[in-house]
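Contents: one structure, followed by commentary.
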Amino acid sequence: MMAGDGGSMLVDSHCHLDFPDFAAEREAVIGRARAAGVATMLTICTRLDQFDGVRAIAEANDGIWCSVGAHPHEAADHAALLGDQLLALTDHPKVVGIGETGLDFHYDLSPRDIQEHIFRVHIAASRASGLPLIIHAREADQEMARILEEERPPPGVMHCFSSGRGLAETAIALGFYVSISGIVTFRNAEELRGIVRDLPLDRLLVETDAPYLAPVPYRGKRNEPAFVAATAAAVAALKGVAPEQLAAATHDNFFRLFTKAAASGR
18 MMAGDGGSML VDSHCHLDFP DFAAEREAVI GRARAAGVAT MLTICTRLDQ
68 FDGVRAIAEA NDGIWCSVGA HPHEAADHAA LLGDQLLALT DHPKVVGIGE
118 TGLDFHYDLS PRDIQEHIFR VHIAASRASG LPLIIHAREA DQEMARILEE
168 ERPPPGVMHC FSSGRGLAET AIALGFYVSI SGIVTFRNAE ELRGIVRDLP
218 LDRLLVETDA PYLAPVPYRG KRNEPAFVAA TAAAVAALKG VAPEQLAAAT
268 HDNFFRLFTK AAASGR
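For the sequence shown, the residue numbers in the numbering used here are 18 to 283.
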């Protein structure tokens with residue numbers, strides 16, 4: 018692969034290929050991603066009872082990796098989760114991250130104290146395994162910053178970042194990366210665009226969070242990994258760099274963070 022060939026270097030750092038939205042045409046979705054230059058995808062676990070399906074997709078496809086974890090929405094169903102249970106699942110060669118995990122105080126689908134407890138279990142597993150955390154934070158900026166500063170976990174990624182500048186700065190100071198989704202293209206996301214302009218290029222990732230949050234011009238459609246190109250183009254414009262440069266930087270950032278994926282071959 019030529020270094021200047023940004024079109025074939027895009028990485029979708031966060032998608033949900035196991036979700037029912039894709040079941041009828043998963044291979045076609047993956048094919049469209051590759052045709053759009055998205056050579057690498059990280060498909061994310063949200064419930065441990067669905068992990069086998071997530072892992073199977075990664076096993077079946079070169080360039081697709083997976084994570085293991087429980088989304089904060091699902092924390093109540095994982096209240097007895099132990100770090101050792103997560104650790105046992107990280108041995109698989111395609112498991113490169115822990116999560117998604119974190120805090121979601123917008124929907125409060127699980128009690129906040131249980132969300133925090135399960136988040137700390139994931140942090141312990143990240144520390145023990147050396148695999149990066151994949152963090153979901155929504156309307157919980159102060160609590161997230163407090164826990165991160167208390168725990169000081171190994172560097173991970175703030176996925177689908179839509180929080181305030183303070184949490185971005187806390188994350189960057191702790192060595193974290195910040196992943197930008199299609200939200201950055203939404204009309205009402207001016208604050209996020211301002212934050213992205215100021216974030217260091219060597220700490221940025223791009224993602225779809227597919228099937229959610231399709232970027233402009235696909236707004237309102239089911240999102241899919243191919244559409245990360247539109248988000249990457251928007252981020253490149255905000256950073257004042259060519260799309261190829263943004264693709265190459267986010268590609269390199271992904272493999273610098275997810276070292277297990279890099280070690281296994283890109």
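Just so it is clear, CB atoms sit at the ideal spot from N, CA and C, and this is done for glycine as well.
Inter-residue Cα distance where the pair is residue i and residue j
{"i": "H134", "j": "A87", "result": "12 Å"}
{"i": "A227", "j": "I152", "result": "16 Å"}
{"i": "F68", "j": "V174", "result": "20 Å"}
{"i": "A97", "j": "N205", "result": "39 Å"}
{"i": "M76", "j": "D35", "result": "The sequence given here has Glu at residue 76, not Met. Approximately 12 Å, taken between the alpha carbons."}
{"i": "L222", "j": "H176", "result": "9 Å"}
{"i": "V55", "j": "P242", "result": "7 Å"}
{"i": "V195", "j": "A41", "result": "32 Å"}
{"i": "G147", "j": "L255", "result": "32 Å"}
{"i": "A162", "j": "G70", "result": "32 Å"}
{"i": "L230", "j": "E168", "result": "30 Å"}
{"i": "D66", "j": "G257", "result": "43 Å"}
Simplified DSSP assignment, three categories, for residue i
{"i": "L120", "result": "strand"}
{"i": "G23", "result": "In this predicted model, G23 has a pLDDT of only 45, less than 50, meaning its place in the structure is not dependable; the value taken from the coordinates is given anyway. Three-state result, G23: helix."}
{"i": "A45", "result": "helix"}
{"i": "A40", "result": "helix"}
{"i": "A246", "result": "helix"}
{"i": "V174", "result": "strand"}
{"i": "A288", "result": "Not covered by the structure: residue 288. The range shown for the chain is 18 to 283."}
{"i": "A278", "result": "helix"}
{"i": "E261", "result": "helix"}
{"i": "E160", "result": "helix"}
{"i": "H285", "result": "Lying outside 18 to 283, the shown extent of the chain, residue 285 is not represented and no answer is given."}
{"i": "R169", "result": "coil"}
{"i": "M18", "result": "Bear in mind that the predicted position of M18 carries a pLDDT of just 31, short of 50, making it too unreliable to give a figure here."}
{"i": "P89", "result": "helix"}
{"i": "K238", "result": "coil"}
Bridge-paired residues (DSSP) for residue i
{"i": "H153", "result": "G119"}
{"i": "T60", "result": "C32 and C83"}
{"i": "G114", "result": "S84"}
{"i": "V55", "result": "L27"}
{"i": "A145", "result": "None; A145 has no bridge partner."}
Classification of residue i by the beta-carbon crowding that lies within 10 angstroms, buried from 16 upward
{"i": "N240", "result": "buried"}
{"i": "L99", "result": "exposed"}
{"i": "H95", "result": "buried"}
{"i": "E91", "result": "buried"}
{"i": "H33", "result": "buried"}
{"i": "Y124", "result": "exposed"}
{"i": "E166", "result": "exposed"}
{"i": "E224", "result": "buried"}
{"i": "K111", "result": "buried"}
{"i": "G116", "result": "buried"}
### Sequence ranges, beta strand (DSSP E) only - wholly within the stretch 189-223, length at least 3
194-197 and 221-223
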